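Just so we're aligned: the sequence shown equals residues 81 to 346 in the numbering used here. Every residue gets a Cβ at the ideal spot worked out from N, C-alpha and C, and that includes glycine. Predicted, not measured: the structure shown is a model, and the values here were computed from it. Report on the structure given below.
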Amino acid sequence: METNQSVKASIMAIIILTVVSSLWRPTIAKAQSLKQFKTTFMTNTLNAKKINMNENTPLNITKLEIKPINSELTKDVDSLKIDINIEKLRQIKIARKKALELERKKEEERIKAEAKAKADEAAKQITAKSGTSISYDELVAKLNRSLNSTLAGKGESFAKYATELGIDPYLAVAIVLHETGCKWNCSSLLRNCNNVGGMKGSPGCNGGSYKAFSSLDEGIRAFMNNLKRNYYDKGLTTPETIGPKYAASQTWSSKIRTYMNEIEAK
């Protein structure tokens with residue numbers, strides 16, 4: 081009987097000490113129930129011996145020394161405080177977002193600069209064959225000075241595909257001007273069906289034999305690809321070598337050559 085009273089008194093003392101300790105210093109451990117305490121307190125004390133016990137095991141304790149489980153609890157209370165400044169966190173988030181956006185823009189500029197340098201080099205190599213060597217932007221401006229009507233301002237498209245495919249841009253635009261009349265007013269085939277080179281195929285423009293394209297850029301790209309695949313890849317790279325296959329007219333090549341000289345001179 082006295083033993084049980086001693087146990088009860090010890091348990092009450094432990095509980096009181098625990099409560100006082102939690103009020104005096106912050107604790108990061110969760111509170112335990114009395115049943116949980118009975119099965120775990122032996123491992124949390126300095127002088128306890130390791131024994132086998134369960135929830136129903138009687139506690140015969142006459143002396144118990146309680147010490148903090150976590151060494152952090154022995155430090156100054158102020159050191160355990162966390163000061164969260166919401167505004168400062170918001171500013172950090174904004175600064176990080178700006179830094180990431182700046183990095184993204186720098187990467188975009190780097191990619192554009194590399195593409196521009198590559199385009200300039202390609203333009204210079206292609207135009208050098210005609211005796212001049214100009215940059216990509218200069219080539220676009222030169223082509224635009226010869227393109228009118230529906231093709232006005234489309235020099236960028238011709239320059240882009242010409243440098244990508246290795247085609248003489250003056251030759252390509254000269255053929256288009258001759259086939260469509262866009263030196264003055266573009267033909268109905270180009271205006272209605274975006275066909276820039278008089279190419280045949282399906283779907284037919286207004287049911288005819290000449291091919292219709294869904295957009296002007298698609299028509300320009302198809303024309304340039306046709307010039308590359310069916311002529312350049314077969315070694316036909318001048319008006320004189322292309323003429324016999326491209327057109328039945330005996331004067332076709334000389335007319336194309338005249339257009340080329342005019343485009344280059346502008």
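Under the criterion of beta carbons closer than 8 Å, Ile214 and Ala203 qualify as touching, at roughly 6 Å. In the assembly as shown, Trp332 is a buried residue. Its beta-carbon has 16 or more other beta-carbons within 10 Å. Per DSSP, Ile300 is one residue of the alpha helix (DSSP H) stretching across Leu296 to Asn310. The segment 332 to 346 makes contact with the segment 214 to 227: 3 or more CB pairs, one atom from each, lie closer than 8 Å.
Contact check between the segment 193 to 210 and the segment 245 to 260: three or more CB pairs, one atom from each, fall below 8 Å, which counts as touching.
Lys209 carries a coil assignment under DSSP once its states are collapsed to helix, strand and coil.
Put simply, the backbone Cα of Leu269 is about 8 Å away from that of Gly278.
Take Glu259, set aside five residues on each side of it, and the residues of its chain with a beta-carbon closer than 6 Å to its own are Gly277 and Gly278, in chain order.
It is roughly 15 Å from the alpha-carbon of Lys308 to the alpha-carbon of Ser237. Listed in chain order, the non-local C-beta contacts of Pro283 below 6 Å within the same chain comprise Ala292, local neighbours out to five positions each way being set aside.
Taking 8 Å as the cut-off, the Cβ atoms of Thr230 and Cys262 count as close.
Across the structure, Leu227 and Lys234 are spaced so that their CA atoms are roughly 7 Å apart. Between Asn265 and Gly299, the beta carbon gap of about 17 Å keeps them out of contact (Cβ cut-off 8 Å). Contact check for Tyr216 against Ala242 fails: the beta carbons are separated by 8 Å or more. For Gly284, DSSP records a beta bridge to Lys291.
Contact check for Tyr339 and Ala254: beta-carbon distance about 3 Å, within the 8 Å limit, so the pair qualifies. The C-alpha of Pro319 lies about 11 Å from the C-alpha of Gln330. In the structure shown, the three-state DSSP call for Thr230 is helix. Under the DSSP assignment, Asp217 falls in the alpha helix (DSSP H) whose first and last residues are Tyr216 to Asn224. When only Cα atoms are considered, Ile166 and Lys178 end up about 19 Å apart.
With a beta-carbon spacing of about 11 Å, Ala239 and Met304 fall beyond the 8 Å limit used to define contacts. In the three-state reduction of the DSSP assignment, Cys262 falls in the coil class, being assigned neither a helical nor a strand state. Note on geometry: alpha-carbon atoms of Thr321 and Ala302 lie some 21 Å from one another.
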